[in-house]
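Read the structure below first, then the notes.
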Amino acid sequence: MKTVHEGTFLFPATHPLFADHFEGAPVVPGSLLLRAFVEEAGTVWPDFATQGATGFRFRRFVTPGRHPFRMERTDLTVRCTLMDTQGGVLVRGDLTTADATGDAGTDNDGTGADGEAALHTSPRGTTA
Numbered sequence: 002m003k004t005v006h007e008g009t010f011l012f013p014a015t016h017p018l019f020a021d022h023f024e025g026a027p028v029v030p031g032s033l034l035l036r037a038f039v040e041e042a043g044t045v046w047p048d049f050a051t052q053g054a055t056g057f058r059f060r061r062f063v064t065p066g067r068h069p070f071r072m073e074r075t076d077l078t079v080r081c082t083l084m085d086t087q088g089g090v091l092v093r094g095d096l097t098t099a100d101a102t103g104d105a106g107t108d109n110d111g112t113g114a115d116g117e118a119a120l121h122t123s124p125r126g127t128t129a
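With positions in the sequence shown counted from 1, the corresponding number in my numbering is that position plus 1.
Here is the structure:
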């Protein structure tokens with residue numbers, strides 16, 4: 002089974018977090034990016050219980066604003082890709098769930114501090 006979901010994350014530049022991260026050159030924290038993907042996976046595929054995050058590579062700094070994303074689900078993983086407006090890859094990695102024996106991929110579930118989820122919105126994309 003493979004399904005695809007696409008949409009847009011919004012990280013508003015006016016959020017107070019960006020005053021300190023980093024002053025004069027705001028950057029979206031990696032923990033917030035992971036959390037956005039974890040929450041989106043749980044919304045789109047409620048039967049997918051994220052247990053870990055593997056292979057995430059942050060290729061360039063992500064600035065506040067709108068960023069298109071793509072998520073490709075198989076039985077045990079969701080491949081996550083965040084892009085810039087020209088389609089260039091900013092972030093890519095996999096969310097994992099427990100395998101058939103109940104073992105999880107990693108202990109890093111990609112969640113951040115409370116309240117971070119409020120920094121993104123995701124207009125429903127398409128699921129194929």
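All residues carry an ideal CB built from backbone N, CA and C; glycine is no exception.
Quick check on this structure: which residue in G88, G56 and R60 has the alpha carbon closest to the alpha carbon of V79? G56
Would you give the residue range spanned by the alpha helix (DSSP H) that F19 belongs to? L18 to D21
Per DSSP, cross-strand counterpart(s) of D95: Its beta-bridge partners are T55 and R80.
State the DSSP-derived secondary structure class of E41, mapped to helix, strand or coil. helix
C81 versus P69: straight-line alpha-carbon distance, rounded: 11 Å
Can you name the residues that DSSP bridges to L11? Checking the DSSP bridge columns, you'll see L11 partnered with R67.
Grab me the residues of A14's own chain with a C-beta within less than 7 Å of its C-beta, minus the 5 sequence neighbours each way, in chain order. P27, P65 and G66
For R36, three-class secondary structure by DSSP: helix
Does the Cβ-Cβ distance between A42 and M2 come in under 8 Å? no
Could you check the C-alpha separation between G106 and A20 for me, to the nearest Å? Because G106 sits at a pLDDT of 40, beneath the cut-off of 50, its placement in the model cannot be relied upon, and the following sentence gives the value as read from the coordinates. Between the alpha carbons of G106 and A20 lies a distance of about 35 Å.
Pair within 8 Å by beta-carbon distance, R58 and G94: Cβ atoms of R58 and G94: closer than 8 Å.
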